[in-house]
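Asks:
Residue numbers (my numbering), protein chains in the order written: chain A, 1 to 111; chain B, 1001 to 1114.
1. Going by Cα to Cα distance, which pick from 41/A, 7/A and 25/A is closest to residue 92/A?
2. Output needed for residue 180/A: all residues of its chain with C-beta closer than 7 Å, excluding positions within five of it in sequence on either side, in chain order.
3. What residue from 1101/B, 1087/B and 1027/B has the CA that sits closest to residue 47/A's CA?
4. For the stretch 81-105 of chain A, which residues have a CB atom closer than 8 Å to at least one CB atom of chain B, in sequence order?
5. Output the residue ranges of the beta strand (DSSP E) runs that lie fully inside the stretch 29-100 of chain A and measure 3 residues or longer, sorted by chain position.
6. Check whether the Cβ of residue 1050/B lies closer than 8 Å to any Cβ atom in chain A.
7. Determine the DSSP secondary structure at residue 1056/B, reduced to helix, strand or coil.
8. Taking only beta-carbon atoms, is residue 30/A less than 8 Å away from chain B?
9. According to DSSP, simplified to helix, strand and coil, what is residue 1085/B?
10. Please compile the residues from chain B whose C-beta is within a distance smaller than 7 Å of the C-beta of residue 111/A.
11. Evaluate contact between the stretch 77-90 of chain A and the stretch 1022-1037 of chain B, counting only Cβ atoms and requiring at least three cross-stretch pairs below 8 Å.
12. Kindly say whether residue 1102/B, judged by its beta-carbon, lies nearer than 8 Å to any beta-carbon of chain A.
13. Put residue 1051/B into one of helix, strand or coil per three-state DSSP.
14. Just checking, does the stretch 1006-1023 of chain B make contact with the stretch 1105-1114 of chain B on the three C-beta pairs under 8 Å criterion?
15. Interface residues of chain B around residue 42/A at Cβ under 8 Å?
16. Note the first and the last residue of the continuous beta strand (DSSP E) segment covering residue 1111/B.
17. Output, in sequence order along the chain, the residues in the stretch 42-66 of chain A whose CB is closer than 9 Å to any CB in chain B.
18. Closer than 8 Å, CB to CB, is residue 1043/B near chain A or not?
19. Please classify residue 1009/B: is it buried, with 16 or more other beta-carbons within 10 angstroms of its beta-carbon, or exposed?
20. With distances taken from CA atoms, which of 1065/B, 1109/B and 1104/B is nearest residue 1028/B?
21. Residue 1031/B versus chain A: which residues are under 8 Å apart at the beta carbon?
22. Would you list the residues sitting across from residue 1077/B in a DSSP beta bridge?
23. Buried or exposed for residue 1082/B, going by 16 or more other Cβ atoms inside 10 Å?
Right under this line is the structure:
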């Protein structure tokens, strides 16, 4: 059964800093890797996703995937107080559309 | 597009009572998912439907939980004989089929069992 783990559990960074969030998964056949962001009391919303090894950048956000290491990450450049939220990584395996989520990293950006 | 709609937003039940939660997915989305979110366990998969058919219910506690999708615009999650450990936010999500795979979540139904 797929295991997805995130680190760190929580993080406090100053405004303008680079933030790095990590996610490891157990099933090497996994096909879809995504990050979701959830502000307090709100629905999780998709941030970015990636299917193949490498990097993908969208604005201040970069996702990096290394399937051989069973690891992907999210990097936030120039972190803003509005980035403060719970960040969830999600992995989808083969054969169905079931997504397994990590427990989340709670990020606080201090102005 | 109103997004995924979940009702009720908050529900309080007594131990042993039944709770039914409703979800209206985004029109045109063929896959509907139910998750449960708690601080301790995080976001746990419960079940999902594709084109109204149940595909995977491996996360459902078998004895008291059931989910249905009687039509493409409506899914329900029913919990019989609720217990305090069922207290959680129940999230419904929908997605288009295909590799893009992005989930669109509703705001959730917060269930409190006293």
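Where a beta carbon is used, it is the ideal one built from N, C-alpha and C, also for glycine.
Replies: So, from the listed chains and residues:
1. 25/A
2. In the structure as shown, chain A begins at 1 and stops at 111. Residue 180/A is therefore absent and cannot be evaluated.
3. Measuring from the Cα of residue 47/A, the nearest candidate turns out to be 1101/B.
4. For chain B, the residues of the stretch 81-105 of chain A that bring a beta carbon within less than 8 Å of one of its beta carbons are 88, 90, 92, 96, 97, 98, 99, 100, 101, 102, 103 and 104, in chain order.
5. Taking only runs of at least 3 residues, the beta strand (DSSP E) segments lying wholly in the stretch 29-100 of chain A are 32-38, 45-50, 54-58, 61-66, 71-76 and 85-92.
6. Closer than 8 Å to some Cβ of chain A, the Cβ of residue 1050/B qualifies, so yes.
7. strand
8. no
9. helix
10. Near residue 111/A there are no residues of chain B at all, since even the closest Cβ is about 26 Å away, more than 7 Å.
11. no
12. yes
13. In the three-state reduction of the DSSP assignment, residue 1051/B falls in the coil class, being assigned neither a helical nor a strand state.
14. yes
15. 1107
16. 1109-1113
17. 42, 43, 44, 45, 46, 49 and 51
18. yes
19. exposed
20. 1104/B
21. 97
22. In DSSP, residue 1077/B forms a bridge with 1021/B and 1067/B.
23. buried
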